[in-house]
Amino acid sequence: MGELIPTPAHPPRRSRGHLSPFTIFGLAAILAAAGALFEMSYYDGSPIGSSAVFGTTLGILLALIAFFVIGLRAPPNE
Amino acid sequence: MEPTSRSGSVASEEGVSFPLFDRPPALIHFLDNAEEAIRRRLARLRLFERVFLLERDWMTRITMLMVILALFWGAVGGFDAFGFQTQAVAYATDAPLHLSTMEIYSSITLHGIREFFGFVQQLEMAVLGLLVVNALGVVPRHKWALYAAVGLVNASILLFEGPVYLLPFNDNYFPAVGWYFLSPLGVAGHSSYIVSPLWFLGWLALAAGVLLWAGWMVSIIRRWYRSRFVGPRFLSGGIPVFLWFVLGTLVLVPLTYVPVVVAAIWDMGAAYAGWSLSPLANQVIFWMFGHSIVYLLFLLPILALYLLVPILARRPLYSYRYAVIAALLFVALTPLLGIHHLYLTTLPGAATWLTMALSFAIVVPSAITFFSLWMTLKGVPAARWEWNAVALFTLLSFAGAIFGGLTGPVVATVPWDVDTHNSLFVLAHFHAITILSIAAGGFALLYALFPILTGRRWFSRRLAHAHFAATLAGGVLLVLMMDELGNLGLLRRAVIFPITPQVTLDQLLLFIGITVVLVGQLFFVANGALTVFRGALFSSQGLSFDEAVRSAAQSTALRSSEVPPADQPFHRRVPRARRERAERVWAGVLVILLSGVLVVATPGTLTVANGIAGDPAFPSGTEFVTAYGQQYFWTVNESGAVSASFDNLIVAYAGQWISLNLTASGATQSVYIPFRSQPMVNVQVVPGTIAHALFQAPSAPGVYGVPDGEYDGPWFGQDVAALVVLPPAGSSFSSLAAFQAAQGSGDLYDPPIQSAASADLVANGEGLFNYSVPAPTLTATVPTTGGPVAFMWVVPLSSIGIDNYLVNVTSTNPNQQIDYVIAHNYTLPYQFGLYHLDPQAGLVPVATQPVRVNQPMTESATLRPGAYVYGIATPVAYSYNPNGESGLSTGEQTGLVMGLWGILWVS
């Protein structure tokens, strides 16, 4: 089948200050959510938007807050 | 790719036999021998041997073939989009157009077909088969069933392309119906635009291929399950999470593809056997497929995330139970959402409301998924996480699903959908999901599994990282520009559109985004090619599946973040009850919030739905308008303060309420008035139904653009009517100053305003004056008793061509239309007129003259203040039939088109 590429006996030294994947995925989620809210913001307060615009936007915003609050307070995956 | 168990030994055949395949029939023997003979010959060539893995087992070979074909169709589909957007930018910048109208709308159609089915569906089939075989240690069987499925899927893509004449070359019969087909568009006897029967056969072949693949998958999973379990153990943790999503995919396949078979057969019966047709019912059935297919394909990145995040994190999923709940909810809810593509039709309000509620409900499994995945990473130290291409694309797919998914509730909210339906906002939502989540998830899987498949490590880390960076940057730019254009009110599928500085800039940036994404994929293809020829050897022998994935991914790692791929022992410290409590709280909060949003949206939803389906109460003085859409223009009859008939005009007084009664034939149409300073008008008119709209004309007199929002064939771009708002009855005919101050109520499609005296009306290749439809609104000021008004116009000979409806196409000779004009003394058989817009008598001729080509013409008359229609004010009958090639077998293209007309406003 071919030669195995040997893995190093000692892993390379990691530089300090790296963010954990939980933090990075969380930041990515914040950026993504901000992008979506930016897209929606055009209609909020616009004469063409109805009360439903406000309701859906508020619902999404509250859901995002809940996502991060519950996630940060939840026990780790250990 | 020999299937391996976790110990690394080759799994033996076990368990259940299938009587039908115990003794392969003679045909199978013949096919096996033929395949072996071809394989042996091709394997002598290094190119074929390496690329198609011809020395490997059959499952590896066919999987590689599917991956290559998927990438091929993805590339071709990508260049379809590139070609479309190149044309859009060329149109906006007055550059020469390189594709005909039919070719450009075919590009959009085939872009969708090739990306959805050739690329993503086929990739999903390849990856799921590969996963099931490798991760579960299944020995695959029934090779020719899988080959047949792959053959049918790829053959369907060719069938979809329709007929092409090679000599002389003519691809204008490629289908231009949109990637989906909305009955009766394309159906012979019911539409002015008819596709060839190959289009419908393509759908049947595609469905047959995918259903056959699903059956093949079920057969091998069934064998694995019987060999592993004594009895059912659905929630004991014995079934891996990714397999739940594989099973969910397989349940969704028939629920998705059977409706499109029904819709296609019904359309074929209506076209070729005289069956009666209910377009709305057909569309409801079609959209059972049309929305399900998106979630069917969305399960690919969901599965990828559930599979890869625990592997990369070296920890089990945060909650197995909630992952299974998410899988079950996805499958249960997906088939029920089709009607949310038909919110603005005459379907009953209850059905619309229920679909909205279910569309909110499907947020729950997505929300559970992304919460679970994020929590799976909680506690993973940075030092134990390797950033490689698999991790990067996993991150992108995760974030992309949130970015695109959060705009899902926007378009799911019915009153909000009035503002966005058919605009590029919807495309922004859709491409965020498809590029930034579905494609990203697919690439995460490919980066993980390609070395396992090929036995070679990725050749270049830099190419992998460049691929990621380009996909991210180009994808985000593309989505944001679609959003910007949608916010302006620009329609989807528009290659003829209002040209403003903002639109031009956004179209250019959108083009850059598309280009960056495509260039990024070239990095991936190059890396793949270099890998199969020059990649270091890779073996998964002795490795667990998880170790094999991590080891394979490491060949694309950022060197500073490399972590040994070996499994680490994991000791659970946080009990399941505590973790699931967090999941439960999150799910509970979400259900409460969604319920609240539903309550807030309900009144507006019922108002919209009942308004479209029925007759609302009319304020005093309402103008009653009956409009009949004939695929590319409206026939309008009015009663009330205005009592007359028009083509492509709705006439009312400033501030007057307008009640529209709408019917259509030939294709679904739409009244789309993208006001920005008052509520929009957005109504879908499905043939066979009567739709309604009630709205108030703007208070500023002027000319407002009313495009048909629903794509209805190759002359979609010219299909724009005008709402002419007259000054209040009895008042003097004021100028357009108020209209200009109010910026035309923000309607992007308002024609530009020019002084008649200095206007320079020049017809372009699309049969429009100055790239505007309606043509520019000309203004003039005269005494109350009347005065001279004059303006100039010209139809250059160079504007006559394949995109111009003014001259029929009867030959593939590119000069045929010009030759016709020359042969007829540069005169077209239409009248260019000036007509007074009389609210009681309709259009009253003031002056008419033949349309002369290549000769500057002057239109002059003594006019009193008022509104006048100028140009070719009645539809032109057009047909495309080069050398008699058009017909039921190739397709037909006719239509009644208006384009060279506008309003003269004399104050």
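As you go down the protein sequences, you meet chains P and F in turn. Numbered per our numbering, the first sequence spans residues 1 to 78. Numbered per our numbering, the second sequence spans residues 1001 to 1907. Here a beta-carbon is modelled for each residue, glycine too, at the ideal position from N, C-alpha and C.
| Which of the three DSSP states, helix, strand or coil, is assigned to GLN1754(F)? | In the second sequence, the residue the question calls residue 1754(F) occupies position 754. The answer is strand: DSSP assigns GLN1754(F) an E or B state.
| query | Got a sec, what are the start and stop residues for the alpha helix (DSSP H) HIS1029(F) sits in? | reply | In the second sequence, counting from the first residue as 1, residue 1029(F) sits at position 29. For HIS1029(F), the enclosing alpha helix (DSSP H) stretches over residues 1026-1043.
| query | Taking 7 Å as the CB-CB limit, is GLN1893(F) close to chain P? | reply | Translated into positions along the second sequence, residue 1893(F) becomes position 893. Closer than 7 Å: no.
| message | Against chain F, does LEU61(P) count as a neighbour if the rule is that its beta carbon must be under 7 Å from one of theirs? | response | For the purposes of this step, residue 61(P) is taken as residue 61 along the first sequence, with counting starting at 1. No, because no Cβ of chain F sits closer than 7 Å to the Cβ of LEU61(P).
| Would ASP1647(F) be called buried (16 or more neighbouring beta carbons within 10 Å of its own) or exposed? | Within the second sequence, numbered from 1, the residue matching residue 1647(F) stands at position 647. With 16 or more Cβ atoms within 10 Å of its Cβ, ASP1647(F) is classed as buried.
| request: Evaluate ARG1040(F) with the Cβ neighbour count: other Cβ atoms within 10 Å of its Cβ, from every protein chain shown; 16 or more gives buried, anything less gives exposed. | output: In the second sequence, the residue the question calls residue 1040(F) occupies position 40. Looking at its Cβ environment, which holds fewer than 16 other Cβ atoms inside 10 Å, ARG1040(F) is exposed.
| DSSP state of ARG1228(F), grouped into three classes? | Here residue 1228(F) corresponds to residue number 228 of the second sequence, with the count starting at 1. The answer is helix: DSSP assigns ARG1228(F) an H, G or I state.
| Got a sec: is the Cβ-Cβ distance from THR1915(F) to anything in chain P below 7 Å? | Outside the shown range of chain F (1001 to 1907) lies residue 1915(F), about which nothing can therefore be said.
| query | Run through DSSP, which three-state label would LEU1888(F) get? | reply | The sequence position of residue 1888(F) within the second sequence is 888, counting from 1. In the structure shown, LEU1888(F) sits in coil (DSSP, three-state: anything other than H, G, I, E or B).
| Which first and last residues belong to the beta strand (DSSP E) in which TYR1193(F) is found? | The count along the second sequence starts at 1 and reaches residue 1193(F) at position 193. Note, TYR1193(F): beta strand (DSSP E), 1193-1195.
| Under three-state DSSP, which class holds THR1784(F)? | Here residue 1784(F) refers to the residue found at position 784 when the second sequence is read from its first residue. If DSSP states are grouped into helix, strand and coil, THR1784(F) belongs with coil.
| Straight-line CA distance for GLY1231(F) to ASP1546(F)? | What you label residue 1231(F) is simply residue 231 of the second sequence in a count that begins at 1. What you label residue 1546(F) is simply residue 546 of the second sequence in a count that begins at 1. For GLY1231(F), the predicted structure reports a pLDDT of 47, less than 50, and the residue's modelled location is therefore unreliable. The matter cannot be settled from this model.
| query | With a cut-off of 8 Å, do at least 3 Cβ pairs link the segment 1719-1726 of chain F to the segment 1367-1381 of chain F? | reply | no
| task | Mind checking the segment 1661-1673 of chain F against chain P and listing, in chain order, the residues whose C-beta falls within less than 9 Å of any C-beta there? | result | none
| request: Using a Cβ-Cβ cut-off of 7 Å, state whether GLY45(P) counts as contacting chain F. | output: By 1-based counting over the first sequence, the position of residue 45(P) is 45. So, not an interface residue.
| task | List the DSSP bridge partners of GLN1669(F). | result | Mapped onto the second sequence, residue 1669(F) falls at position 669. BP columns for GLN1669(F) point to VAL1685(F).
| task | Identify every run of the alpha helix (DSSP H) within the segment 1356-1409 of chain F, keeping only runs that are complete inside it and at least 4 residues long; order them along the chain. | result | With a minimum length of 4 residues, the continuous alpha helix (DSSP H) runs that stay inside the segment 1356-1409 of chain F are 1363-1376 and 1389-1405.
| said: Helix, strand or coil, according to DSSP, for VAL1414(F) in the structure here? | reply: Walking along the second sequence from the start, residue 1414(F) turns up at place 414. DSSP places VAL1414(F) in helix when its eight states are reduced to three.
| request: Return the chain-ordered list of same chain residues with a C-beta closer than 6 Å to the C-beta of ARG1550(F), the five sequence neighbours on each side being excluded. | output: One-based indexing of the second sequence puts residue 1550(F) at position 550. Here the set comprises PRO1565.
| request: Counting only runs of 4+ residues fully inside the segment 1759-1844 of chain F, write out the alpha helix (DSSP H) ranges in chain order. | output: 1816-1823
| message | Within 7 Å of any Cβ in chain F, is that where the Cβ of LEU27(P) sits? | response | Translated into positions along the first sequence, residue 27(P) becomes position 27. No, because no Cβ of chain F sits closer than 7 Å to the Cβ of LEU27(P).
| query | Would PHE22(P) count as contacting chain F if we go by Cβ distances under 7 Å? | reply | As a working mapping, residue 22(P) is identified with position 22 in the first sequence. With a threshold of 7 Å between beta carbons, PHE22(P) makes contact with chain F.
| How would you list, in chain order, the residues of chain P whose beta-carbon sits under 8 Å from the beta-carbon of THR1407(F)? | Numbered from 1 along the second sequence, position 407 holds the residue referred to as residue 1407(F). Correct list: ALA36, GLU39 and MET40.
| message | Is there a C-beta anywhere in chain P that falls below 7 Å from the one on MET1356(F)? | response | Along the second sequence, read from residue 1 onward, the residue named residue 1356(F) stands at position 356. It does not: the Cβ of MET1356(F) has no partner Cβ on chain P nearer than 7 Å.
| ILE1157(F) and ILE1113(F) look like a contact to me (Cβ under 8 Å); what is the Cβ gap, rounded to whole Å? | Translated into positions along the second sequence, residue 1157(F) becomes position 157. Translated into positions along the second sequence, residue 1113(F) becomes position 113. Yes, ILE1157(F) and ILE1113(F) are in contact; Cβ-Cβ is about 7 Å, under 8 Å.
| Interface residues of chain P facing GLN1678(F) [CB-CB closer than 9 Å] | Taking the second sequence and counting its residues from 1, the one referred to as residue 1678(F) is at position 678. One finds PRO47 and ILE48 in chain P with Cβ atoms closer than 9 Å to the Cβ of GLN1678(F), taken in chain order.
| Enclosing alpha helix (DSSP H) for MET1482(F) [first to last residue] | As a working mapping, residue 1482(F) is identified with position 482 in the second sequence. Bounds of the alpha helix (DSSP H) holding MET1482(F) are 1461-1488.
| message | I'd like the list of long-range same chain contacts for LEU58(P), defined as Cβ closer than 8 Å, with 5 residues on each side in sequence excluded. | response | Indexing the first sequence from 1 puts residue 58(P) at position 58. Nothing meets the Cβ criterion.
| Separation of ILE1311(F) from TRP1387(F), as counted between CA atoms | Reading the second sequence from its first residue, position 387 is the one you call residue 1387(F). Reading the second sequence from its first residue, position 311 is the one you call residue 1311(F). If you draw a straight line from the Cα of TRP1387(F) to the Cα of ILE1311(F), it is about 13 Å long.
| field | Proximity below 7 Å, CB of SER1100(F) to CB of ILE1802(F) | value | The residue given as residue 1100(F) occupies position 100 in the second sequence. The residue given as residue 1802(F) occupies position 802 in the second sequence. In this structure, ILE1802(F) lies closer than 7 Å to SER1100(F) by Cβ.
| query | ALA1188(F) and LEU1123(F): beta carbons closer than 7 Å? | reply | As a working mapping, residue 1188(F) is identified with position 188 in the second sequence. As a working mapping, residue 1123(F) is identified with position 123 in the second sequence. It is not a contact, given that the beta carbons lie outside the stated cut-off.
| Reduced DSSP secondary structure (H/G/I, E/B, other) of TRP1510(F) | Position 510 of the second sequence, counted from the start, is the residue given in the question as residue 1510(F). A small correction: the amino acid at residue 1510(F) is Leu; Trp does not occupy that position in the sequence shown. Here LEU1510(F) sits in helix by DSSP.
| query | Helix, strand or coil for ARG1233(F) per DSSP? | reply | Locating residue 1233(F) in the second sequence gives position 233, where the first residue counts as 1. Reliability of the predicted coordinates at ARG1233(F) is poor, the pLDDT of 45 falling under 50, and the value obtained from them is presented with this limitation in mind. Of the three classes helix, strand and coil, the one that applies to ARG1233(F) here is coil, per DSSP.
| field | Alpha carbon of MET40(P) to alpha carbon of ILE1325(F), nearest angstrom | value | Here residue 40(P) is taken as the residue at index 40 of the first sequence, counted from 1. Here residue 1325(F) is taken as the residue at index 325 of the second sequence, counted from 1. When rounded, the distance between both Cα atoms is 30 Å.
| For ASN1033(F), is the classification buried or exposed, using 16 other Cβ atoms within 10 angstroms of its Cβ as the cut-off for buried? | Within the second sequence, numbered from 1, the residue matching residue 1033(F) stands at position 33. Answer is exposed; the Cβ neighbour count stays below 16.
| message | Distance check for SER1620(F) and VAL1507(F), CA to CA, integer angstroms please. | response | Translated into the one-based positions of the second sequence, residue 1507(F) becomes position 507. Translated into the one-based positions of the second sequence, residue 1620(F) becomes position 620. The sequence given here places Gln at residue 1507(F); Val does not occur at that position. Straight-line Cα distance between these residues: approximately 44 Å.
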